[in-house]
Amino acid sequence: MSAETPRVTNALVAIAATFLIIAGLKSASSFVVPVILSLFVAIILGPLYFFFANAKLPVIKKDMPDWLAIILVVVIMSLFFFMIGTLVGNSVEQFSSNLPRYEMMLRAKFEGLVLWLGGHGIEVPQTPLAERFSPGVMMNLSASILNGLGSVLSNTFLIILTSIFLLMEASIFGDKMRRAFPDVESKAHLGLGEVITKIKQYASIKSVVSLLTGAIISLWLWLIGVEYPFLWGLIAFMFNFIPNIGSIIAAIPAVLLAWLTSDSLTTPLLAAAGYLAVNFVIGNIVEPKFMGKGLGLSTLVVFLSLLFWGWVLGPVGMLLSVPLTIIVKIFLDANKETQWIGIMLGDK
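For the sequence shown, the positions run -12 to 335 when the working numbering is used.
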């Protein structure tokens, strides 16, 4: 038996195991998606929890009990979900109910554009093009993703409860690992800690930057009079997790709606200019300054991960596609045998 035979066998076993894991994730997506969201919520709220847990109580000058730190985190998290639900809930319902009317208006605008082009000597085959082109496809995509997210957020109590247990486990997880695997080299523990630190850093910074993006977009669209500004801010917040193409996808339905509901081109042009300015400043100046360039993904990998995770986990998987791929890349980079795969996934 040649020396290459065990390596080939190991590679085949790894490929078979990967396909089994993917099939399991897809079949159990209704359970996996809330758990993944809970994990991301716990990672984002982890620094806040440890801040409270290590804080000194003003009267007795002792560390705050874990149960009190958890209560404070739960209160803050519940207020955030309540605020999002209050600001966006009615907008999602109204937008979904008005979607057929917006599609008819968009089709009428499109037909008027075709007639205008025909009057200037540019002949466009209207019927075949209309059969192949659905002008409301981006609005339908936004509505389907929001409906998918809404079905997941219906399990808000489960997500909050799971996040609480994850936060409680985080404080003792390192000690449990050292006790469970005392013979493992300290380098392995340090490597695992470094990977977890990178994941926390990415999730926290990306969440803050995305929240800033959504808030600025909402404020700008509200100032120029675009309908449902908080809804488009939420979409900008979610799609900011998808680099390169996420901001484009998030801008299209808002700009289209501004074009439909405005008598002039001023409002849609201002809306498009706002999206371009915000995403240029945050994507090219603010985010690289805090995030660094070590976790970048190539544009091809971003697009393929969008398709892959969307197929495995549904609409929410599209929003989590890049964070999940970033986490996979971090683990691949941490292992010398798989480091080459992480390099191939990167942008440079």
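Just so it is clear, CB atoms sit at the ideal spot from N, CA and C, and this is done for glycine as well.
At the C-beta level, Leu247 and Met92 come within 8 Å of one another.
In this structure, Pro34 sits away from Ser197, with a CB-CB distance that is not shorter than 8 Å. For secondary structure counted as the beta strand (DSSP E) over 3 or more consecutive residues, the region -1 to 33 holds no complete run. In the three-state scheme derived from DSSP, where H, G and I count as helix and E and B as strand, Leu307 is classed as coil.
No residue range can be given for Met51, since it is assigned to no alpha helix (DSSP H) and is classified by DSSP as neither H nor E. The three-state secondary structure of Gly301, taken from DSSP, is coil. The DSSP-derived three-state label of Gly333 is strand.
Nearest to Ile232 by alpha-carbon distance, out of Phe39, Asp250, Phe290, is Phe290.
Cβ neighbours of Leu74 within its own chain (closer than 6 Å, five residues either side excluded): Phe217. Put simply, the region 259 to 279 does not touch the region 299 to 309. Fewer than three CB pairs are less than 8 Å apart.
Judged by beta-carbon spacing, Thr200 lies within the 8 Å limit of Phe224, meaning their Cβ atoms are closer than that value.
Looking at the DSSP output, Leu284 shares a beta bridge with Gly333. Around the beta-carbon of Asp250, fewer than 16 other beta-carbon atoms lie within 10 Å, marking it exposed. In this structure, the straight-line span from the alpha carbon of Gly72 to that of Ile317 is close to 33 Å. Looking at Val101, Ala202, Leu221, Ser65, the one whose alpha-carbon comes closest to that of Leu145 is Ser65.
Taking a C-beta distance under 8 Å as the contact criterion, Ile151 and Ile63 do not qualify as a contact pair.
Lys193 counts as buried, since at least 16 other C-beta atoms from the protein chains shown sit within 10 angstroms of its C-beta. Only buried fits Thr254, as 16 or more other CB atoms lie within 10 angstroms of its CB. Distance check between Val303 and each of Ile328, Ile2, Ser25 places Ser25 closest, using alpha-carbon atoms only.
Taking C-beta separations shorter than 6 Å and ignoring five residues to either side along the sequence, the partners of Asn266 in its chain run Ser234, following chain order. In the three-state DSSP reduction, Val75 falls in the helix class (H, G or I).
Taking a 10 Å sphere around the C-beta of Ala3, we find fewer than 16 other C-beta atoms and assign the residue as exposed.
Secondary structure at Ala237: helix, using DSSP grouped into helix, strand and coil. Going by DSSP, Gly220 is part of the alpha helix (DSSP H) stretching over 216 to 226. Residue environment for Ile186: buried (at least 16 other C-beta atoms within 10 angstroms of its C-beta). Taking a C-beta distance under 8 Å as the contact criterion, Gly333 and Leu284 qualify as a contact pair. Around the Cβ of Ile314, a 10 Å sphere holds 16 or more other Cβ atoms; the residue is buried. Following the DSSP letters along the chain, one finds Leu252 in no alpha helix (DSSP H), marked with neither H nor E.
Taking all protein chains in view, the Cβ of Phe67 is surrounded by fewer than 16 other Cβ atoms within 10 Å, so the residue is classified as exposed. Residue burial annotation: Ala238 is buried, with at least 16 other C-beta atoms found within 10 angstroms of its C-beta. Counting other Cβ atoms within 10 Å of its Cβ, Trp296 reaches 16 or more and is therefore classed as buried. With a beta-carbon spacing of about 5 Å, Val20 and Leu300 fall inside the 8 Å limit used to define contacts. Listed in chain order, the non-local C-beta contacts of Ile236 below 6 Å within the same chain comprise Phe226, local neighbours out to five positions each way being set aside. Around Ile23, the same chain offers Leu307 as residues with beta carbons nearer than 7 Å, after the five sequence neighbours per side are excluded.
The residue from Phe38, Ile30, Ala15, Leu102 with its alpha-carbon nearest to that of Leu153 is Ile30.
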